[in-house]
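Q: In our numbering, the protein residues as written are 68 to 461. Cβ atoms here follow ideal geometry from the backbone N, Cα and C, with glycine treated the same way.
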Amino acid sequence: MLLFSLLSFVLILNAEAQRKPGLPRQFIEYQFRSGADQYRLLRTKTPDNLFPRSYATDLDREVTSKSDWWCSGFYPGSLFLLFEFTRHDSLKQEALRKLNLLEKEKDNKGTHDLGFMMYCSFGNGLRVLKDSSYVPILITSAKSLMTRYNAKTQTIKSWDHGKWAYPVIIDNMMNLELLTWATKVTGDSSYYKVAVNHANTTMKNHYRPDYSSYHVVDYDTLTGKVLNRQTAQGASDSSAWARGQAWGLYGYTMMYRETGIKAYLEQARKIAAFMLNHPNMPKDKIPYWDYNAPGIPNALRDASAAAIMSSALLELSKFVENKEKDQYISVATAVLKTLGSPGYKAAAGKNGGYLLMHSVGHFPQGSEVDVPLTYADYYFIEALWRYWNMFYKN
68 MLLFSLLSFV
78 LILNAEAQRK
88 PGLPRQFIEY
98 QFRSGADQYR
108 LLRTKTPDNL
118 FPRSYATDLD
128 REVTSKSDWW
138 CSGFYPGSLF
148 LLFEFTRHDS
158 LKQEALRKLN
168 LLEKEKDNKG
178 THDLGFMMYC
188 SFGNGLRVLK
198 DSSYVPILIT
208 SAKSLMTRYN
218 AKTQTIKSWD
228 HGKWAYPVII
238 DNMMNLELLT
248 WATKVTGDSS
258 YYKVAVNHAN
268 TTMKNHYRPD
278 YSSYHVVDYD
288 TLTGKVLNRQ
298 TAQGASDSSA
308 WARGQAWGLY
318 GYTMMYRETG
328 IKAYLEQARK
338 IAAFMLNHPN
348 MPKDKIPYWD
358 YNAPGIPNAL
368 RDASAAAIMS
378 SALLELSKFV
388 ENKEKDQYIS
398 VATAVLKTLG
408 SPGYKAAAGK
418 NGGYLLMHSV
428 GHFPQGSEVD
438 VPLTYADYYF
448 IEALWRYWNM
458 FYKN
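1) If you count every other CB in all the chains shown that lies within 10 Å of the CB of Gly432, and 16 or more means buried, which is it?
2) Tell me the rounded alpha-carbon separation between Arg164 and Phe118.
3) Am I right that Ala495 and Met240 are in contact with their C-beta atoms under 8 Å? What's the rounded C-beta distance?
4) From Asp115 to Asp125, what distance separates their C-alpha atoms?
5) Given that a residue counts as buried once 16 or more other Cβ atoms are within 10 Å of its Cβ, and exposed if not, what is Gly140?
6) Under the rule that 16 or more other beta-carbon atoms within 10 Å means buried, what is Gln160, buried or exposed?
7) For a test of the three-state rule: what should DSSP assign to Ala209, helix, strand or coil?
8) Tell me Pro119's beta-bridge partners as DSSP assigns them.
9) Please classify Gln105 as buried or exposed, where buried requires at least 16 other C-beta atoms within 10 Å of its C-beta.
10) Is the distance from the Cβ of Val130 to the Cβ of Tyr142 below 9 Å?
11) In this structure, does DSSP put Ser279 in helix, strand or coil?
12) Using the DSSP secondary-structure output, state which residues sit across from Gln297 in a beta bridge.
13) Taking the CB atoms as reference points, tell me whether Gly177 and Asp135 lie closer together than 9 Å.
14) For Asn461, collect the residues of the same chain with a Cβ closer than 8 Å to its Cβ; drop the 5 residues on either side in sequence, then sort them by chain order.
15) Taking the C-alpha atoms as reference points, what is the distance between Met424 and Val283?
16) Does the segment 312-329 touch the segment 373-392, meaning 3 or more C-beta pairs lie closer than 8 Å?
17) According to the Cβ coordinates, are Ile237 and Ser199 closer than 9 Å?
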């Protein structure tokens, strides 16, 4: 038995050694260097008291937000990732300036997006700079997020507006990492339990038999039962909104990493199978803004969905073996290659300082359609960072 185990271990090591990266080292290095250049440009276009949000290409105008916008954490998070690779001090200094502006959101109990806002920013800052002063800020953020949990529905409420009684959106899976982190740091298991309960309820109620997800599930807070399953940003209530599928893939992969619960790994694998095997998935793996969007193949693509998917697949590849592992890495490689090409990657000094073009925010409302978005850049950079750590670091 021991000999068999040793042989198996050697075979696994050999298989890993034979797995060659599809993207050359120079490609990754170039993306980080050019990304740093672009973000130094973006810094000059961003007012000291605001955050970048998008760029109106038709008007040649920057679109900014205050710190309470759900995307506020992506800009400093991207700066920390770029700084970690390039060591350009100006990137770190800009990230620190924006953290000072963002810190007050730790007490914001009116949003479910504190994971995006605070963990992508202060979390990366903590990891890169090892600044322990960020720990209590993140713990307070987790406490604020916990106030939105309802024991009857077993979920964290997403929105305090709209036509719904108690809406929960698939995006909310992305905010759970802040809670699992809080349990690890404080030893308080309540954060972990809320994250697991939310993930379990979402897995039960958000997913169709083919493992596509609804965007919005509305709950009755008295009974915990589902009232409606709908969309806000997708093509229809029955469609598969592309970024929503990517949020779910990323969220359940992350939850498996954080908990070791096998059901989350299986969920992530099945979500990946839905996406990668979908007849409307383009050959270059940059999804249409909705897998059932009207007008395919002439519908708009969504670079943000592709970037999130590529980052998630790289992490998911760590938890599977053989052909499945190779498929995830191969797709992520293809996506990064395409996003890093002139069709999606902005020319130096263009695109308002953002890296990627052609993302879709809220198509039904005509908001942020076919424009750069901070979260597209963030997950593109994160995917590059994961690729580098997988194949080239050390």
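A: Working from what's here:
1) Taking the sequence shown and counting its residues from 1, the one referred to as residue 432 is at position 365. At residue 432 the sequence reads Gln, which differs from the Gly that was named. Classification of Gln432: exposed, given that the 10 Å Cβ count is below 16.
2) Position 97 of the sequence shown, counting from 1, holds the residue named residue 164. Position 51 of the sequence shown, counting from 1, holds the residue named residue 118. For Arg164 and Phe118, the distance between alpha carbons rounds to 11 Å.
3) The structure shown does not extend to residue 495, since the chain is modelled only from 68 through 461, so no value can be given for it.
4) Within the sequence shown, residue 115 is the residue found at index 48, counting from 1. Within the sequence shown, residue 125 is the residue found at index 58, counting from 1. C-alpha separation (whole angstroms): 24 Å.
5) Taking the sequence shown and counting its residues from 1, the one referred to as residue 140 is at position 73. So Gly140 ends up on the buried side.
6) Here residue 160 refers to the residue found at position 93 of the sequence shown. With fewer than 16 other Cβ atoms within 10 Å, it is exposed.
7) Within the sequence shown, residue 209 is the residue found at index 142, counting from 1. Helix.
8) Walking along the sequence shown from the start, residue 119 turns up at place 52. Beta-bridge pairing links Pro119 to Thr131.
9) For the purposes of this step, residue 105 is taken as residue 38 along the sequence shown, with counting starting at 1. It counts as buried.
10) To locate residue 130, count along the sequence shown from 1; it is residue 63. To locate residue 142, count along the sequence shown from 1; it is residue 75. It is not a contact, given that the beta carbons lie outside the stated cut-off.
11) For the purposes of this step, residue 279 is taken as residue 212 along the sequence shown, with counting starting at 1. Correct three-state label for Ser279: coil.
12) If you number the sequence shown from 1, residue 297 lands on position 230. Gln297 is bridged to Val283.
13) What you label residue 177 is simply residue 110 of the sequence shown in a count that begins at 1. What you label residue 135 is simply residue 68 of the sequence shown in a count that begins at 1. The answer is yes: Cβ separation under 9 Å.
14) To locate residue 461, count along the sequence shown from 1; it is residue 394. There are no such residues.
15) Residue mapping note: residue 424 aligns to position 357 of the sequence shown, counting from 1. Residue mapping note: residue 283 aligns to position 216 of the sequence shown, counting from 1. Looking at the two C-alpha atoms, the distance is approximately 27 Å.
16) yes
17) The residue given as residue 237 occupies position 170 in the sequence shown. The residue given as residue 199 occupies position 132 in the sequence shown. No; because the gap between Cβ atoms is not below 9 Å, this pair is not in contact.
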